[in-house]
Amino acid sequence: MLRNMLVQRAVDTRGFQLNRQGKIPIAMGSEGHEAVQAGAGFAFVRGRDSLWVYYRNTGIVLACGFELRDVFRSQFARATDKTLGRQIINHVSDRAKGIATLSSIIASQCTHAVGAAYAYKLRGERDRIALCTFGDGATSEGEWHEALNFAAVQRVPVVFLCENNRWAISTPQNKQMAVEDIALRAKGYGIEGLVCDGFDPVAVYGAVAYAREKAVRGDGPTLIEAKCYRFLSHTTDDDDRTYRTRDEVQRHRDLDPVPRFEERLIGLGVLDRAQIDTLRKEVAALVNATTDAVEREPYPEASDLYGNVYAGSDAAWV
Ligand SMILES: Cc1ncc(C[n+]2csc(CCOP(=O)(O)OP(=O)(O)O)c2C)c(N)n1
Ligand SMILES: [Mg+2]
């Protein structure tokens, strides 16, 4: 889990650097979400479950088996990218690993996840769930409510995980809803809602593993709200200094989940400081080597544009 959290942080930093160097068009960091994504990813059962995520989810896709080089192929839009360099950055997918492709349309993945889980139920595929993640802002979308309601009525095996980072770009939570806990909304659909500490990967793992077991037993969906914080601007196209104070950001940075988890592991005697330093160096070397290797890969050819659009002829229709 710690390794995954360190990789997430290194990928975020690299994405912002590559954008400022003019090498990639945009980056979306998940700093502050590392614990949510590491914890949830470790509760996902590879080879069985499916994952329905949003753009801030590099950490969880990596924890579910997505390859680091494929993250960079997406960022650099190379021909080797699983979506052939066509999807927006961080909109990654790997069908063989159960990681579904996604749209930037907020909450659209929620109805897709429920559809997949409904299929598992109809086909009698036990011990399989759909894990669906989204932000606090997504819970204002009609599609989110439709997804929760249908999932609850049909008792499909889906786990809803809200990464509540308190902001939807420049909209703070209190301008978006009049409740403090998004998990409360579960009651309105007749399902269980849980709040967990999104700065603690073990707490998130526990909540998601519990909800997964429940779904597998046939006891339907759960809404988990993991409270975290977005340390960076929304994307490299945003400047958060225009709408929130540095004090607020610093207050949350003081609770940074990455050093906090390191201290916890040291306190428990799982790792010592030297081992953590070695791990940090390994992660930095891996991210550097992967960045360099992928940067050398080719872009798609312009003539590839019409391929994989329609079956059959790939000639331009104009
Ligand atoms: C339907 C729709 N409306 C608006 C947008 C523009 N938009 C992109 S990200 C975003 C904020 C989403 O916030 P949240 O769900 O809290 O996720 P976070 O980025 O904070 O992780 C918005 C409004 C969109 N992509 N889709
Ligand atoms: Mg948010």
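Residue numbers (our numbering): 1 to 318.
The beta carbon of each residue, even a glycine, is placed where N, CA and C say it ideally should be.
If you're wondering where the values come from, they're calculated on a predicted model, not measured in any experiment.
Quiz prompt | Nonlocal neighbours in the same chain, by C-beta distance under 8 Å from L232, ignoring five residues either side | solution = Here the question's residue 232 lines up with position 232 in the sequence shown. Same-chain partners within the cutoff: D12, F16, G29, E31, G32 and D240.
Exercise. Return the CA-CA distance between R217 and L305, expressed in angstroms with no decimal places.
Key: If you number the sequence shown from 1, residue 217 lands on position 217. If you number the sequence shown from 1, residue 305 lands on position 305. Rounded to whole angstroms, R217 to L305 spans 46 Å at the Cα level.
Self-check item: Cβ-based neighbour list, M5, same chain, cut-off 6 Å, excluding 5 preceding and 5 following
Solution: On the sequence shown, position 5 is the one that residue 5 refers to. Excluding sequence neighbours, M5 sits near E34, A38 and V258.
Quiz item: Looking at A107 and ligand 1, is the gap between the Cβ and the nearest heavy atom below 8 Å?
Solution: As a position in the sequence shown, residue 107 is number 107, starting the count at 1. Yes, ligand 1 has a heavy atom inside 8 Å of this Cβ.
Quiz item: So, are the CB atoms of A40 and A77 less than 9 Å apart?
Solution: Your numbering for residue 40 matches position 40 in the sequence shown. Your numbering for residue 77 matches position 77 in the sequence shown. Taking 9 Å as the Cβ cut-off, A40 and A77 do not qualify as a contacting pair.
Quiz item: I276 by DSSP, collapsed to three states: which one?
Solution: Looking up residue 276 in the sequence shown gives position 276. Helix at I276.
Quiz item: Which runs of the alpha helix (DSSP H), 4 residues or longer, sit entirely within the region 15–88?
Solution: 34–43, 58–63 and 68–76
Quiz item: In chain order, what residues have a CB nearer than 6 Å to some heavy atom of ligand 2?
Solution: G135, D136, G137, N165, W167 and A168
Practice problem: Give a yes or no on whether 9 Å exceeds the smallest Cβ distance from E192 to chain D. | Solution: Absent from the structure: chain D. Only one protein chain is present.
Self-check item: Residue environment, E163, which counts as buried when at least 16 other CB atoms sit within 10 Å
Solution: Sequence index remark: in the sequence shown, residue 163 carries index 163 (1-based). Burial call: buried.
Exercise. Compare the beta carbon distance of R69 and V294 with 9 Å and say whether it is the shorter of the two.
Key: Locating residue 69 in the sequence shown gives position 69, counting from the first residue. Locating residue 294 in the sequence shown gives position 294, counting from the first residue. Yes, these two residues count as a Cβ contact at 9 Å.
Exercise. Return yes when the C-beta of E163 is under 8 Å from any heavy atom of ligand 4, and no when it is not.
Key: You won't find ligand 4 in this model; what it holds is ligand 1 and ligand 2.
Exercise. Using the Cα positions of V159 and K227, report the straight-line distance between them to the nearest angstrom.
Key: Reading the sequence shown from its first residue, position 159 is the one you call residue 159. Reading the sequence shown from its first residue, position 227 is the one you call residue 227. In a straight line, the C-alpha of V159 is about 16 Å away from that of K227.
Practice problem: Would you check if the distance between the CB atom of D127 and the CB atom of Q176 is smaller than 9 Å? | Solution: Taking the first residue of the sequence shown as position 1, residue 127 is located at position 127. Taking the first residue of the sequence shown as position 1, residue 176 is located at position 176. Cβ distance not < 9 Å, so D127 and Q176 don't count as in contact.
Quiz item: Leaving out the 5 sequence neighbours to the left and right, which residues in its chain are closer than 7 Å to T236 when beta-carbon positions are compared?
Solution: Looking up residue 236 in the sequence shown gives position 236. Result list for T236: F16, N19, I26 and A27, in chain order.
Exercise. With a threshold of 16 other CB atoms inside 10 Å of the CB of V309, please say whether the residue is buried or exposed.
Key: As a position in the sequence shown, residue 309 is number 309, starting the count at 1. Exposed, since its Cβ has fewer than 16 Cβ neighbours within 10 Å.
Quiz item: When the Cα atoms are used, what is the spatial distance from C110 to A285?
Solution: Residue mapping note: residue 110 aligns to position 110 of the sequence shown, counting from 1. Residue mapping note: residue 285 aligns to position 285 of the sequence shown, counting from 1. Distance between the alpha carbons of C110 and A285: 36 Å.
Quiz item: Is any heavy atom in ligand 1 found nearer than 8 Å to the beta carbon of E34?
Solution: Along the sequence shown, one-based indexing puts residue 34 at 34. Not so, every heavy atom of ligand 1 lies at least 8 Å from the Cβ.
Exercise. Please name the residue or residues paired with E262 in a DSSP beta bridge.
Key: Position 262 of the sequence shown holds residue 262. For E262, which the question treats as bridged, DSSP gives no partner whatsoever.
Quiz item: Going along the chain, which residues of its own chain have a beta-carbon closer than 6 Å to the beta-carbon of A203, five neighbours each way excluded?
Solution: To locate residue 203, count along the sequence shown from 1; it is residue 203. Here the set comprises C196 and D197.
Practice problem: Indicate the three-state DSSP secondary structure (helix, strand or coil) for E301 in the structure shown. | Solution: Reading the sequence shown from its first residue, position 301 is the one you call residue 301. E301: coil per DSSP, three-state reduction.
Quiz item: What's the call for Q21, buried or exposed, on a 16-neighbour Cβ count within 10 Å?
Solution: Here residue 21 is taken as the residue at index 21 of the sequence shown, counted from 1. With fewer than 16 Cβ atoms within 10 Å of its Cβ, Q21 is classed as exposed.
Self-check item: beta-carbon R185 near ligand 1 non-hydrogen atom, thresh 8 Å
Solution: To locate residue 185, count along the sequence shown from 1; it is residue 185. No, the Cβ of R185 stays beyond 8 Å of every heavy atom of ligand 1.
Quiz item: Using a threshold of 8 Å, is the CB atom of H91 nearer than that to any non-hydrogen atom of ligand 1?
Solution: Along the sequence shown, read from residue 1 onward, the residue named residue 91 stands at position 91. Because no heavy atom of ligand 1 lies under 8 Å away, the Cβ of H91 does not count as near it: no.
Quiz item: Going by the CB atoms, is the gap between A130 and A113 shorter than 9 Å?
Solution: Translated into positions along the sequence shown, residue 113 becomes position 113. Translated into positions along the sequence shown, residue 130 becomes position 130. Taking 9 Å as the Cβ cut-off, A113 and A130 qualify as a contacting pair.
Practice problem: Assign R123 to one of two classes, buried (16 or more other C-beta atoms within 10 Å of its C-beta) or exposed (fewer than that). | Solution: By one-based count along the sequence shown, residue 123 stands at place 123. Exposed, because fewer than 16 other Cβ atoms sit within 10 Å of the Cβ of R123.
Exercise. Would you kindly work out how many angstroms separate the C-alpha atoms of I182 and Q75, rounded to a whole number?
Key: Numbered from its first residue, the sequence shown carries residue 182 at position 182. Numbered from its first residue, the sequence shown carries residue 75 at position 75. Cα-Cα distance, rounded: 32 Å.
Exercise. Between the Cα of V45 and those of V208, T278, L279 and I266, spot the shortest distance and give me the residue it belongs to.
Key: Position 45 of the sequence shown holds residue 45. For the residues V208, T278, L279 and I266, the minimum Cα distance to V45 belongs to V208.
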